[in-house]
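*Asks:* Right, I'll just put the structure down here and ask away after.
There are 2 protein chains.
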Amino acid sequence: MISLYNEDIVLLSRCGSAKNVKIDKSNNLLNMAITDVVIIGSGNVAETLAAAISRSDDYRIVQIISRNSERGKYIAETVGASYAGFEEGLSPADIYIVSVSDNAIAEVSGMYDFGESLVVHNAGSVSIDELSFRIKNRGVLYPFQTFTAGIAVDFTDVPLFIEGSTKEADGELRRLASELSGNVIETTSQQRLAIHMSGVFACNFTNDMYAAAQRILSEYGLEPDILKPLIAETARKANNSEYAADVQTGPAVRGDRETIEKHLKLLENNTRLKQIYELISTDIWETSKKISQE
Amino acid sequence: MISLYNEDIVLLSRCGSAKNVKIDKSNNLLNMAITDVVIIGSGNVAETLAAAISRSDDYRIVQIISRNSERGKYIAETVGASYAGFEEGLSPADIYIVSVSDNAIAEVSGMYDFGESLVVHNAGSVSIDELSFRIKNRGVLYPFQTFTAGIAVDFTDVPLFIEGSTKEADGELRRLASELSGNVIETTSQQRLAIHMSGVFACNFTNDMYAAAQRILSEYGLEPDILKPLIAETARKANNSEYAADVQTGPAVRGDRETIEKHLKLLENNTRLKQIYELISTDIWETSKKISQE
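Going down the list, the protein sequences come from chains W and F.
Residues 13 to 306 (my numbering) are what the first sequence spells out, left to right.
Residues 13 to 306 (my numbering) are what the second sequence spells out, left to right.
So this is what it looks like as structure tokens:
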């Protein structure tokens, strides 16, 4: 790969026939090499990343490596790459993305000789140092979004949190991430763990609140889809305000004990939902007090 | 008001100059009276209902009554109605909407002689029977949505739960509700209480999960708005599936103890969020087991 971090180089065009062509200050035409990427893994993040990267003119997925040959071959085919199993050996590439489950990152990153190439993982809760110490240019590219098999996600506004082990890794990572998203942020591994946990609250726990609401409705013979306008509006309203706490509504923030007691009575026979109800109501009340005291 | 429940009557047109005109089976032109509505109260629900009702050709808000004269006059002005304080007396009307706080419904509904007119409240957790027993045609019109001052809400797909004390109340309520929303559902007071509670989970508790996530981020020097794409996608994904439980993601549903332990360590000094984390993670795990056993 020709290194293109040089600021003297101006991108001529990324559309049509002129793609992958650059000129330098003196108007000399340069051939811009395409950056080759190998993805190791075939989960939902691997699939989404492969699709997003393959849409770029400057990058090319050359190989998908995975244990699951069905998924691996499927992803490889959709992005025009070759497929290989774990034992069959790596294709040469500029970037290797290790998109495997958290506890396999150390082992998989230690299986191969990656030379000077950049090797990145995608995990929110895994330190950059879990990538094998033998790799010189290590990095993390953590897309902060929820991925489900078969549901396409637009990457362009997904925050991408990056961290590199060297200046070269930083530069290569930032170039790749900026190609995928308009929202690239450098963080430490510790910050990334906090970000991941905040996502557990805002996504996983939120989804469980939806699910709990639907279980309650079904007990009373009501359809789950009556929640849809409320779910959409709640998310929209929070996203239209700087802090979600500023738009909190309901009996807990009003201190409306009478309504709370009616609800708790309805939950008499559901110990866990009752505990959740009490705990979150307390959290709403206590944090709203802090806000009004400020 | 001329009663128009007769199915022989066909609505000629509701647009332009022909509005409020009907013809019967023999093509005789009937003058369609406009139904007069008084709203007692000036909260967010009162404001939203007043705006939605005043957009209808068949209904007219004639009066807003409230203690808060500033809010009451403001709403009255926006919908072309008169304003009166609580002691100044009611205008004659076909429908009175008592849109006051839950614990004031009984008292306010007992203050006036409503005659044969329909009197409805809007509260999810309040039984129809808290409207004064002296009122013959009582009803409930509960819009299942979150309302915040200054944030306009489109009523057309908001589920409206209705309940009437008489056949006449039922008919008048269904006509009004159908004019406001395409999603009108009859429920009992007990079902409505369960619906209201399900909304506390899906809206109020969900919003607290967003707020908790933002508090975590701010502790680590990160901006609250990095959550926005995740919040939007989580709501979108749940609303695109029949049951939210079917699209649950994250460490709890995977049984990923290692990640859970990392998060709990990060929450060491935040007892309440740690309890919430543990309790909801258990809920996710236990309910996902039930699903897979089905």
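From the three backbone atoms N, C-alpha and C, an ideal C-beta is built for every residue, glycine too.
Closer than 8 Å, Cβ to Cβ, to anything on chain F: give me those residues from the segment 204 to 224 of chain W, in chain order.
*Replies:* Leu205, Ala206, Ile207, His208, Met209, Ser210, Gly211, Val212, Phe213, Ala214, Cys215, Asn216, Phe217, Thr218, Asn219, Asp220, Met221, Tyr222, Ala223, Ala224
*Asks:* Which residues, in order along the segment 72 to 94 of chain W, keep a beta-carbon less than 8 Å from a beta-carbon of chain F?
*Replies:* none
*Asks:* Got a sec: which bits of the segment 268 to 291 of chain F sit with their beta carbon under 8 Å from any beta carbon on chain W, in order along the chain?
*Replies:* Asp268, Glu270, Thr271, Lys274, His275, Leu278, Leu279, Arg284, Leu285, Gln287, Ile288, Tyr289, Leu291
*Asks:* Mind checking whether phenylalanine 217(W) and threonine 199(W) have CB atoms under 8 Å apart?
*Replies:* no
*Asks:* Are the CB atoms of tyrosine 108(F) and isoleucine 52(F) nearer to each other than 8 Å?
*Replies:* Closer than 8 Å, so yes.
*Asks:* Does the pairing of the segment 152 to 160 of chain F with the segment 94 to 102 of chain F give three or more beta-carbon distances under 8 Å?
*Replies:* no
*Asks:* Among Ser137(F), Ala96(F), Asn149(F), which one has its Cα closest to the Cα of serine 121(F)?
*Replies:* Asn149(F)
*Asks:* Looking only at DSSP bridge pairs, what is isoleucine 72(W) linked to?
*Replies:* The sequence given here places arginine at residue 72(W); isoleucine does not occur at that position. Bridge partners of arginine 72(W): Asp48(W).
*Asks:* First and last residue of the beta strand (DSSP E) that includes proline 155(W)?
*Replies:* 149 to 155
*Asks:* Please list, in chain order, all residues of the same chain as asparagine 43(W) whose beta carbon is under 6 Å from its beta carbon, the five residues on each side excluded.
*Replies:* At asparagine 43(W), the pLDDT of 49 sits below 50, so the modelled position is not reliable; the number obtained from the coordinates is stated separately. Same-chain partners within the cutoff: there are none.
*Asks:* Taking only three categories from DSSP, how would you classify tyrosine 289(W)?
*Replies:* helix
*Asks:* Can you check whether the C-beta of lysine 240(F) is within less than 8 Å of a C-beta belonging to chain W?
*Replies:* yes
*Asks:* Determine, for leucine 234(W), whether the minimum Cβ-Cβ distance to residues of chain F falls below 8 Å.
*Replies:* yes
*Asks:* How many angstroms separate the CA atom of tyrosine 71(F) from the CA atom of serine 193(F)?
*Replies:* 14 Å
*Asks:* Return the first residue and the last residue of the beta strand (DSSP E) that valine 110(W) is part of.
*Replies:* 107 to 110
*Asks:* Decide if proline 104(F) is buried, meaning its Cβ has at least 16 other Cβ atoms within 10 Å, or exposed.
*Replies:* Exposed: under 16 other Cβ atoms inside 10 Å.
*Asks:* Can you find a C-beta in chain W that's less than 8 Å from the C-beta of lysine 148(F)?
*Replies:* no
*Asks:* What would DSSP say about phenylalanine 98(F), mapped onto helix, strand or coil?
*Replies:* In the structure shown, phenylalanine 98(F) sits in coil (DSSP, three-state: anything other than H, G, I, E or B).
*Asks:* Please list the partners that alanine 257(W) has in chain F, where partner means a Cβ-to-Cβ separation under 7 Å.
*Replies:* Ala223
*Asks:* Enumerate in chain order the residues of its own chain whose CB-to-CB distance from glutamate 298(F) is below 7 Å, with the five nearest sequence positions on each side excluded.
*Replies:* none
*Asks:* Measuring only the C-alpha atoms, how far is serine 190(F) from glutamate 180(F)?
*Replies:* Serine 190(F) and glutamate 180(F): Cα-Cα distance of roughly 15 Å.
*Asks:* Whose Cβ in chain F lies nearer than 7 Å to the Cβ of alanine 250(W)?
*Replies:* Asn219, Tyr222, Ile243
*Asks:* For the segment 150 to 176 of chain F, enumerate the residues whose C-beta is nearer than 8 Å to any C-beta of chain W, in chain order.
*Replies:* Flagged, chain order: Phe156, Gln157, Thr158, Phe159, Thr160, Ile163, Val165, Asp169, Val170, Pro171.
*Asks:* Relative to the alpha-carbon of glycine 211(W), which residue among Val212(F), Ala206(F), Leu234(F), Ser201(F) has its alpha-carbon at the smallest distance?
*Replies:* With respect to the C-alpha of glycine 211(W), the residue from Val212(F), Ala206(F), Leu234(F), Ser201(F) having the closest C-alpha is Leu234(F).
*Asks:* Got a sec, what are the start and stop residues for the alpha helix (DSSP H) leucine 276(W) sits in?
*Replies:* 269 to 278
*Asks:* Please list, in chain order, all residues of the same chain as glutamate 142(F) whose beta carbon is under 7 Å from its beta carbon, the five residues on each side excluded.
*Replies:* Ile117, Ala118
*Asks:* Taking only three categories from DSSP, how would you classify glycine 183(W)?
*Replies:* Helix, per DSSP.
*Asks:* How is leucine 2(F) classed by DSSP in three states: helix, strand or coil?
*Replies:* There is no way to answer for residue 2(F), as the model of chain F reaches only from 13 to 306.
*Asks:* On the DSSP bridge list, what partners appear for phenylalanine 173(W)?
*Replies:* Tyr154(W), Ile197(W)
*Asks:* Is the segment 236 to 248 of chain F close to the segment 257 to 268 of chain W, with three or more CB pairs under 8 Å?
*Replies:* no
*Asks:* Starting from isoleucine 77(W), follow its DSSP beta bridges and name the residues at the other end.
*Replies:* Ile52(W), Ala96(W)
*Asks:* Taking 8 Å as the threshold (beta carbon to beta carbon), is glutamate 184(W) in contact with chain F?
*Replies:* no
*Asks:* Taking a contact to mean a Cβ-Cβ separation below 8 Å, would you say proline 171(F) touches asparagine 134(F) in this structure?
*Replies:* When the beta-carbon positions are compared, proline 171(F) and asparagine 134(F) stay at least 8 Å from each other.
*Asks:* Let's test the definition: count the other Cβ atoms within 10 Å of the Cβ of aspartate 48(W) and tell me whether it reaches 16, buried, or not, exposed.
*Replies:* Classification for aspartate 48(W): buried.
*Asks:* Quick one: does aspartate 295(W) have its CB under 8 Å from some CB of chain F?
*Replies:* yes
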